[in-house]
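Using UniProt numbering, you'd call the opening residue of the sequence shown number 1 and step up by one each time. Ideal Cβ placement from N, Cα and C applies to all residues, glycine included.
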Amino acid sequence: MKDRISEAKEKATEPLRQATLIFLLKDNQILLTMKKRGFGADKWNGVGGKRRDGEKIEETAKRETNEEIGVSVGYLKEVVTLNFYFLEKTDWNQQVVVYLSSNWIGEPKESEEMAPKWFDLDKIPYNDMWDDDIFWLPKVLDGSKIEADFLFDENQKMIEKNVVEIATY
């Protein structure tokens, strides 16, 4: 019997939309942003967004970080690729490349879309984040490189997961 993630992959008629997330790190803290509107509103998350046509995925990450919180990011460490599938809203299906960075210029500032806040690494507010974050973000912060698939229902609640460690960095 197939799991529901495999079924969602088979039903996907187009390649997954590509997007990015960046988590800035400093002094045993992580920068999270409260999404104020749109997809993922009222949840803490990293900074990121959708790749534009012709844009390299790392360029997307840097552009989105500058647009959303006014920071110019230097070196990015790619740490995980996440595939998200949504039962009812298949146009939300996406592949997200996640980066960590301790190298940027500027101070994170609030925009009309995002409100940034620093959190101690041992006080990350997982209860106010996407359901999947607890299953991969701690692993990534501990040095694991993973690949993961997540399936969400019509209420944006995670109903199935597949997380595989592929290496350490």
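What do you get for residue i, buried or exposed, if any count of 16 or more other CB atoms within 10 angstroms of its CB means buried?
i	result
Pro-15	exposed
Asn-155	exposed
Trp-136	buried
Trp-104	buried
Check residue i in the structure and name its three-state DSSP category.
i	result
Val-140	helix
Ser-111	coil
Lys-36	coil
Ile-57	helix
Trp-92	helix
Ile-124	coil
Ser-72	strand
Glu-14	coil
Ile-162	Note that residue 162 corresponds to Asn in the displayed sequence, not to Ile. Three-state result, Asn-162: strand.
Lys-43	coil
Mind checking whether residue i and residue j have CB atoms under 7 Å apart?
i	j	result
Met-158	Asp-132	yes
Lys-139	Ala-167	no
Lys-77	Leu-100	yes
Gly-106	Val-71	yes
Leu-31	Pro-116	yes
Leu-82	Val-96	yes
Gln-18	Arg-63	no
Could you pull the start and end residues of the beta strand (DSSP E) that residue i belongs to?
i	result
Lys-9	Careful: Lys-9 lies outside any beta strand (DSSP E), inside the alpha helix (DSSP H) at 4-11.
Glu-154	Note, Glu-154: premise wrong, no beta strand (DSSP E); not H, not E.
Leu-24	17-26
Leu-82	77-86
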